[in-house]
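Since the structure comes first, as structure tokens, the remarks are kept for the end.
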Amino acid sequence: PVQALKVLKTVEVYENGAYAALLPFSGMEMDFSIDFPDSAIGQQSKLLNLANGSFVNELCDSRTFCRYSDVALMQSNGLALGGTLLNAVVVDGAEVLSPGGLRYADEPVRHKMLDAMGDLALAGGPIIGRYVGRRAGHTATNKLLRKLFMDASNFRMIPCDSEVSQRLPGAGLVQNDTRNFVEKRPSF
1304 PVQALKVLKT VEVYENGAYA ALLPFSGMEM DFSIDFPDSA IGQQSKLLNL ANGSFVNELC
1364 DSRTFCRYSD VALMQSNGLA LGGTLLNAVV VDGAEVLSPG GLRYADEPVR HKMLDAMGDL
1424 ALAGGPIIGR YVGRRAGHTA TNKLLRKLFM DASNFRMIPC DSEVSQRLPG AGLVQNDTRN
1484 FVEKRPSF
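Take 1304 as the starting number for the sequence shown in our numbering and just add one per residue.
Now the structure itself:
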């Protein structure tokens, strides 16, 4: 049977100006904020309960983003080699260079939440708890999970019965949710 990881105690990490935490919560909720000097991104925040299909409806089509000034360096290091203006948001100061601009005014923070969901999936099961990220990225979330697992009193594995399942990401998702997502995807 599938098991979920229930957060029992607050666990926090600070990493080079970033903050990430897991707190006890009855479902899965994410509270994220970012702050970039480029005004096309700037400061953004989003709070989202993930038990109502919101992963599909609000996060899954949020593209990764970067500054135009970072592209050459990333590619010279073997990164972002498949990146284009169509599959990533590229900004230069106040300007969004990607055709059509942002899909959502807060697309960058949505993508950071999507990244965090992927990182948290490494926990080995769905998490019942609240994730808080402030300028957090993959490194901070990885360190957070490592700290969580260092003390077994921080969490408990529980069976995913029908009551627990209703509080997990994807609960409440209906087929029309995915159809709407596919229909709104831009054609390239």
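All C-beta atoms in this analysis are idealised placements derived from N, C-alpha and C, irrespective of residue type, glycine included. Model, not experiment: these values are computed from the prediction.
Taking the Cα positions, residue 1400 is about 40 Å away from residue 1313. A distance below 8 Å separates the beta carbons of residue 1397 and residue 1343. Under DSSP, residue 1324 shares a beta bridge with 1315 and 1435. Here residue 1304 is exposed. Its C-beta has fewer than 16 other C-beta atoms within 10 Å. At the C-beta level, residue 1358 and residue 1394 stay beyond 8 Å of one another. Per the C-alpha coordinates, the member of 1353, 1430 and 1336 positioned closest to residue 1346 is 1336. By the Cβ neighbour-count rule, residue 1434 is buried, with 16 or more other Cβ atoms within 10 Å of its own. Short of 8 Å from the beta carbon of residue 1341, and not among the five residues preceding or following it, lie these beta carbons of its own chain, in chain order: 1370, 1394, 1395, 1396 and 1397. Closest in C-alpha terms to residue 1363, from the list 1382, 1318, 1415 and 1309, comes 1415.
In this structure, residue 1402 lies near residue 1388, with their beta-carbon atoms less than 8 Å apart.
Remark: C-beta atoms of residue 1425 and residue 1325 do not approach each other more closely than 8 Å. Residue 1380 and residue 1428 have their alpha carbons spaced roughly 33 Å apart.
Counting only residues of its own chain and dropping the five nearest sequence neighbours on each side, residue 1377 has a CB closer than 6 Å to the CB of 1383. By the neighbour-count definition (other C-beta atoms within 10 Å, threshold 16), residue 1431 is a buried residue.
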